[in-house]
Amino acid sequence: MIKTDVVIIGAGPTGLFCAHQLGIIGLKCEIVDNLDKIGGQCIELYPDKPIYDIPAVPKCTGEELTNNLIEQIKPFNFNFHLSDRVQELKNENNKWLVKTLNGKEFETPNIVIAGGVGSFEPRKFPTKSVEKYDGKSVLYSIKDKTIFKDKSVIIFGGGDSALDWAIELSNSSKVTLVHRRDEFRGAPASVQKIKELSDNKTIDLITKYSIKDVKGNGSLESVEIKSESGESKVIKADYVLGFFGLIMQLGPIADWGLNLDKKTIPVNTENFETNKKGIFAIGDICTYPGKLKLILSGFHEGALAARGCFKYARPDEKYRFEFTTASNTIKDRLGVKE
Amino acid sequence: MAKIKYIEFNGTEHEADVANGLSVMEGAVQNNIPGIDADCGGGMSCATCHVYINDDEWFRKLPEKEMGEDDMLDQAFEPKSNSRLSCQLIVSDDLDGLTVHMPEKQV
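Taken in order, these protein sequences are the chains called F and Z. Okay, so the first sequence: first residue is 1103 according to my numbering, each after it adds one. Okay, so the second sequence: first residue is 9 according to my numbering, each after it adds one.
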């Protein structure tokens, strides 16, 4: 059990800057994120796309913004718990007991949800019949590639994951790559390699087709694919892999008894607390009259939520407002000497 | 200004007057028309504002897809050759009378 002042859910820019504000006012926090890296949407969706509306930064990419925020909170040595997801919350004696998917437990008076539009999860096949094979012979990520040795594997998708795995698995499996159009969005070198492997018959490349149905008797036997004009083909398969990118799901957040408005959480604009005492929501996931889904709004929300957390984390102390330029206490916390 | 018709997968029709300069996606969201999620808010990074343009003539008349739109559509639910991301369809008087059909779901 890790005891802390605040658990932040989400390591995107909003969560990171909130952590900074917590550090500045002398609170500790632990940061949990479903992705395997820090940065949230900035790093997952647009690491290379320039952002033009960060105050005083005329232009930076999602990756640069993330790296700078990481640098900014370095002095506080906060822990990150990546590839993990907060699953359960329970209130006991005015403390929140937090459990994650990987079995970590926290005790904290405050939770800050900075979850963007939810956690990123693999986009799955639209076909209902596929579900019963999910996690067994229908997979959306690969943990152990040896299971595919000498098997028939059908890979769906046109991005880097689909192409890279098609190339990799073609060494030891019978690979069929199916994509809905002729163009691929993967790296040009990979596209070139796929075309070579297709030309020399190492892999079967089928374009302008998508999945229609899967068939099997207990275990998966074949996959039916269809073209837009209605032609269909049946291919024998031991495994089906789908690489359609990630989608954002609200996930367990929906089960915590918070008021929800569509996929967002209503908050007050004084400290961004939700209807639950000690649970705050900031960034894209919160809503209030006039809400703008801008990174800069998330920063402001995080700064105020951090002060809201102070009240519950230090009930016997009075919060004192200080400037980073003037306060020696803050300079000590940042480890800067003059 | 253009009158845009949004037809849900179940056939329910909605019509909205959408101001020039807004996207077809924004026209739906601002008028509380269900069926277009637009998780990323119009950044062409989520494929949850996916629509079909069933009328061939209209499909050809729309501004061409820019780089990246088809890449995102790869990740949409049941993309077809007449698929578009509605966040990329910017409304002008020329779009008056456009009808978009929604997919069964967005994710």
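From the three backbone atoms N, C-alpha and C, an ideal C-beta is built for every residue, glycine too. Every value quoted in this text rests on a predicted model; they were computed, and no experiment measured them.
Query: Inter-stretch contact at 8 Å, needing at least 3 Cβ pairs: the region 1392–1399 of chain F / the region 1150–1157 of chain F; Result: yes
Query: Proximity winner among Z:I61, Z:N28, Z:C54, relative to K69 of chain Z (alpha-carbon distances); Result: Z:I61
Query: Whole beta strand (DSSP E) elements within the region 1318–1360 of chain F, 3-residue minimum; Result: 1321–1329, 1334–1338, 1341–1344, 1348–1351
Query: Exposure label - Q1123 of chain F; buried when at least 16 CB within 10 Å; Result: buried
Query: CB contact flag (V1134 of chain F, K1206 of chain F, <9 Å); Result: yes
Query: Coil, strand or helix - Q114 of chain Z by DSSP; Result: coil
Query: Sequence ranges, alpha helix (DSSP H) only - wholly within the region 1120–1179 of chain F, length at least 4; Result: 1143–1146, 1164–1175
Query: CB contact below 9 Å: R1435 of chain F versus chain Z; Result: no
Query: Cβ-Cβ distance between K1365 of chain F and V1219 of chain F below 9 Å; Result: yes
Query: Below-9 Å beta-carbon distance, I1397 of chain F vs any chain Z residue; Result: no
Query: Of the listed residues F:I1215, F:C1144, F:D1236, nearest to K1378 of chain F (C-alpha basis); Result: F:I1215
Query: Distance, S1239 of chain F Cα to I1269 of chain F Cα; Result: 19 Å
Query: Contact with chain Z by I1349 of chain F, beta-carbon distance below 9 Å; Result: yes
Query: Chain-ordered neighbours of Y1148 of chain F on chain Z, where CB pairs are closer than 8 Å; Result: G51, S53
Query: Beta-carbon proximity check, C57 of chain Z vs M1350 of chain F, cutoff 9 Å; Result: no
Query: Contact check, I1384 of chain F vs C1144 of chain F, beta carbons under 9 Å; Result: no
Query: Within-9 Å CB hit, F17 of chain Z to chain F; Result: no
Query: S94 of chain Z, DSSP secondary structure in three states; Result: helix
Query: Residue of F:E1166, F:K1230, F:P1160 minimising C-alpha distance to D1150 of chain F; Result: F:E1166
Query: Proximity test, Cβ basis, 9 Å: Q1189 of chain F and chain Z; Result: no
Query: Neighbourhood of D1300 of chain F by C-beta, 6 Å cutoff - its chain only, sequence neighbours within 5 removed; Result: First, the residue type needs correcting, since residue 1300 of chain F is Ser and not Asp in the sequence shown. L1307, listed in sequence order.
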